[in-house]
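Undergrad: Numbering-wise, my numbering puts 478 at position 92 of the sequence shown, and it's gapless, one number per residue.
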Amino acid sequence: MTLQKIADAMVEGDVETGKEMAQKALDEGHSPNQVLDDGVLAGMEVVGERFKNYEMYIPEVLSSAKVMHEVMEILRPKLVSGEQASNKGTVVLGTVEGDMHDIGKNLVGLMLEGAGFKVIDIGIDQPAKNFIEAVKKENPEVVGMSALLTTTAPKIKEVLDALEAEGLRDKVKTMAGGAVIDQAFVDENGVDAYGPSATAAMEITQQLVDEVRKNAS
Ligand code: B1M
Numbered sequence: 387m388t389l390q391k392i393a394d395a396m397v398e399g400d401v402e403t404g405k406e407m408a409q410k411a412l413d414e415g416h417s418p419n420q421v422l423d424d425g426v427l428a429g430m431e432v433v434g435e436r437f438k439n440y441e442m443y444i445p446e447v448l449s450s451a452k453v454m455h456e457v458m459e460i461l462r463p464k465l466v467s468g469e470q471a472s473n474k475g476t477v478v479l480g481t482v483e484g485d486m487h488d489i490g491k492n493l494v495g496l497m498l499e500g501a502g503f504k505v506i507d508i509g510i511d512q513p514a515k516n517f518i519e520a521v522k523k524e525n526p527e528v529v530g531m532s533a534l535l536t537t538t539a540p541k542i543k544e545v546l547d548a549l550e551a552e553g554l555r556d557k558v559k560t561m562a563g564g565a566v567i568d569q570a571f572v573d574e575n576g577v578d579a580y581g582p583s584a585t586a587a588m589e590i591t592q593q594l595v596d597e598v599r600k601n602a603s
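Here it is, written out as structure tokens:
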């Protein structure tokens with residue numbers, strides 16, 4: 387019931403109720419992951435459907451995104467455990483050029499941080515050169531790219547080509563995710579892994595870091 391109220395608050399763009407219900411759900415003993423999956427993401431799914439069907443428009447979707455952001459601030463300390471800042475691996479993460487969507491990317495970053503990885507989030511609308519700059523500076527094991535538009539998905543390939551051109555392709559593993567990305571896209575474009583969800587991204591990142599470290603030793 388409380389989780390449903392969080393989902394409803396997401397759809398209605400009601401920040402106060404969203405925050406209140408998220409705190410109530412935690413107090414009632416729901417895990418942060420339950421609040422995320424059955425409250426926040428369940429609500430976002432409805433928003434996505436309504437947006438697609440022209441039943442919700444950009445300002446309303448942005449209000450839903452605000453609710454999500456505020457609820458995530460409540461969940462963040464609970465999702466990000468004491469495992470942080472270990473030597474588990476580094477991930478450079480960003481949304482590709484031309485793409486402003488960051489809710490999924492932020493969630494992936496949060497979950498990865500929670501699992502103990504160092505996350506360098508370079509933000510939204512990032513051209514290939516900025517990914518390269520971050521790789522040179524941070525020396526990550528993994529480069530993560532998020533794309534939610536059919537028009538911006540090809541930018542992932544541009545990042546891969548730039549890594550190749552800079553002689554960095556063999557030093558990192560790459561992962562991509564977002565609404566328009568699937569396994570076929572990843573296979574066709576030579577990305578190392580597809581991240582279907584933030585939860586899956588944690589496990590995949592661990593595998594990719596292990597591979598990079600094994601190859602380097
Ligand atoms: Co946009 N939008 N949007 N939008 N938007 C979509 C993506 C769309 C599918 C909606 C639709 O029409 N059905 C559609 C794209 C269609 C297409 O290209 N095939 C679309 C469109 C068309 C647009 C605009 C062009 C609309 C317009 O202006 N006419 C415009 C483009 C702006 C731009 O980027 N240049 C636009 C704008 C916006 C808002 C600004 C209003 C807002 C974004 C706010 C923000 O991000 N701060 C927005 C939103 C919210 C959406 C929907 C409704 C929801 C996206 C979302 O946040 N989902 C979306 C509909 C949909 O996806 N069904 C839609 C929740 C989030 C948790 O899921 O991002 O998928 P997601 O992330 C998941 C996984 O995919 C995965 O983990 C996450 C958590 O499990 N994942 C990764 C994501 N990245 C990963 C990276 C990884 C691994 C896993 O490794 C690196």
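Backbone N, C-alpha and C fix where the C-beta goes; we use that ideal spot for every residue, glycine too.
Out of PHE503, VAL397, GLU459, which has the shortest C-alpha to C-alpha gap to GLU589?
TA: Locating residue 589 in the sequence shown gives position 203, where the first residue counts as 1. For GLU589, the nearest C-alpha among the options comes from PHE503.
Undergrad: Using C-beta distances below 6 angstroms, list every residue in its chain close to LEU554, excluding the 5 sequence neighbours before and after it, in chain order.
TA: Residue numbering aside, residue 554 sits at position 168 when the sequence shown is read from its first letter. For LEU554, where only same-chain residues beyond five positions count, the Cβ hits under 6 angstroms are VAL521.
Undergrad: For a test of the three-state rule: what should DSSP assign to MET442, helix, strand or coil?
TA: To locate residue 442, count along the sequence shown from 1; it is residue 56. If DSSP states are grouped into helix, strand and coil, MET442 belongs with coil.
Undergrad: Between which two residues does the beta strand (DSSP E) containing LEU479 stretch?
TA: As a position in the sequence shown, residue 479 is number 93, starting the count at 1. Looking at the DSSP string, the run of the beta strand (DSSP E) that includes LEU479 is 476–482.
Undergrad: Quick check: is any heavy atom of the ligand B1M less than 6 angstroms from the C-beta of ALA393?
TA: Counting from one through the sequence shown, the residue named residue 393 turns up at place 7. Answer for ALA393: no, Cβ out of range of the ligand B1M.
Undergrad: Can you give the Cα-Cα distance for THR537 and GLU414, rounded to whole angstroms?
TA: Position 151 of the sequence shown holds residue 537. Position 28 of the sequence shown holds residue 414. Between THR537 and GLU414, the C-alpha separation is close to 43 angstroms.
Undergrad: Let me check you understand the geometry: is the CB of GLY581 closer than 6 angstroms to at least one non-hydrogen atom of the ligand B1M?
TA: Along the sequence shown, read from residue 1 onward, the residue named residue 581 stands at position 195. Yes, since a heavy atom of the ligand B1M falls inside the 6 angstroms radius drawn around the Cβ of GLY581.
Undergrad: Can you tell me the Cβ-Cβ gap for GLU524 and ILE542, rounded? I've got them flagged as a contact below 8 angstroms.
TA: Position 138 of the sequence shown holds residue 524. Position 156 of the sequence shown holds residue 542. Rounded, the Cβ-Cβ distance is 19 angstroms, inconsistent with contact.
Undergrad: VAL466 and GLU499 - do their beta-carbons sit closer together than 7 angstroms?
TA: On the sequence shown, residue 499 is found 113 positions in, with the first residue counted as 1. On the sequence shown, residue 466 is found 80 positions in, with the first residue counted as 1. Yes; because the gap between Cβ atoms is below 7 angstroms, this pair is in contact.
Undergrad: Taking all protein chains shown into account, decide if ALA551 is buried (16 or more other Cβ within 10 angstroms of its Cβ) or exposed.
TA: By one-based count along the sequence shown, residue 551 stands at place 165. With fewer than 16 other Cβ atoms within 10 Å, it is exposed.
Undergrad: Name the two residues that bound the continuous beta strand (DSSP E) containing LYS504.
TA: Taking the first residue of the sequence shown as 1, we reach residue 504 at position 118. Where LYS504 is concerned, the enclosing beta strand (DSSP E) stretches over 504–512.
Undergrad: Starting from the C-beta of VAL566, find all residues in its chain whose C-beta is less than 7 angstroms away, skip the five residues before and the five after it, and write them out in chain order.
TA: Taking the first residue of the sequence shown as 1, we reach residue 566 at position 180. Same-chain partners within the cutoff: ALA533, LEU534, LEU535, THR536, ALA539.
Undergrad: Pull up the CB-CB distance for THR585 and GLY475, whole angstroms please, since I reckon it's below 8 angstroms.
TA: What you label residue 585 is simply residue 199 of the sequence shown in a count that begins at 1. What you label residue 475 is simply residue 89 of the sequence shown in a count that begins at 1. At roughly 17 angstroms, the Cβ-Cβ gap does not stay under 8 angstroms, so THR585 and GLY475 are not in contact.
Undergrad: Where GLN569 and ALA579 are concerned, what is the direct C-alpha to C-alpha distance, given to the nearest angstrom?
TA: Indexing the sequence shown from 1 puts residue 569 at position 183. Indexing the sequence shown from 1 puts residue 579 at position 193. One C-alpha to the other measures close to 8 angstroms.
Undergrad: Run the proximity test for VAL482: is its beta-carbon closer than 6 angstroms to any non-hydrogen atom belonging to the ligand MG?
TA: As far as ligands go, the structure on display features the ligand B1M and does not contain the ligand MG.
Undergrad: In the DSSP assignment, find the unbroken beta strand (DSSP E) run with VAL528 in it and report its ends.
TA: Within the sequence shown, numbered from 1, the residue matching residue 528 stands at position 142. Residues 528–532.
Undergrad: In the DSSP assignment, find the alpha helix (DSSP H) that holds LYS541 and state where it starts and stops.
TA: As a first step, residue 541 must be located in the sequence shown, where it is residue number 155. Per DSSP, LYS541 belongs to the alpha helix (DSSP H) from 540–551.
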